[in-house]
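> Mapping of the sequence shown onto this note's numbering: residues 1 to 107, in sequence order.
Ideal Cβ positions, reconstructed from N, Cα and C, are used throughout, including at glycine.
Computed from a predicted structure; not experimentally measured.
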Amino acid sequence: MFKLWLYRLKRPYHFLKTGLFAALPAQIKYRFPERQLTIIAVTGTDGKTTTSSLLHQMLSEAGIKTGLISTIAAKIGAKSIETGFHVTSPPPTLLFQVMAEMREAGC
1 MFKLWLYRLK RPYHFLKTGL FAALPAQIKY RFPERQLTII AVTGTDGKTT TSSLLHQMLS
61 EAGIKTGLIS TIAAKIGAKS IETGFHVTSP PPTLLFQVMA EMREAGC
């Protein structure tokens, strides 16, 4: 019973902690960069980094200026940035900062 109660509190807690108190201020600071980007999200259990890297390479070869955020690094056009993320979901402040750089680079 305690576990179920704890689970029900977990979602609102994370929404407040990550969404409202971290992501929203980052979005405001970087002027909502996601609104000016076309975003392709890759989800699933295995192969996300490989799939997103292949998509990035194919779109770049087609002459489309692209950006990539993965667990390994971020790429803005041909420039590779070591982010130190190495996690599935980067912190909101860094995520929106990189997206703002992508927007400024014309991705």
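Counting only the same chain and skipping the five closest in sequence on each side, list residues whose C-beta sits under 6 angstroms from that of I76.
Taken in chain order, the residues that qualify are G67, E101, M102, A105.
> Cβ atoms of K65 and C107: under 8 angstroms apart, would you say?
Cβ distance < 8 angstroms, so C107 and K65 count as in contact.
> Can you find the residues in the same chain that come closer than 8 angstroms, C-beta to C-beta, to S80, ignoring five residues on each side of it along the sequence?
Only A73, A74 meet the Cβ criterion.
> Taking DSSP as the reference, what is the three-state secondary structure of K75?
Of the three classes helix, strand and coil, the one that applies to K75 here is strand, per DSSP.
> Return the residue from the list A26, A41, P12 that minimises the CA-CA distance to F96.
With distances taken between Cα atoms, F96 lies closest to A26.
> Mind checking S70: buried by the 16 CB within 10 Å criterion, or exposed?
It is buried - the Cβ of S70 has at least 16 other Cβ atoms within 10 Å.
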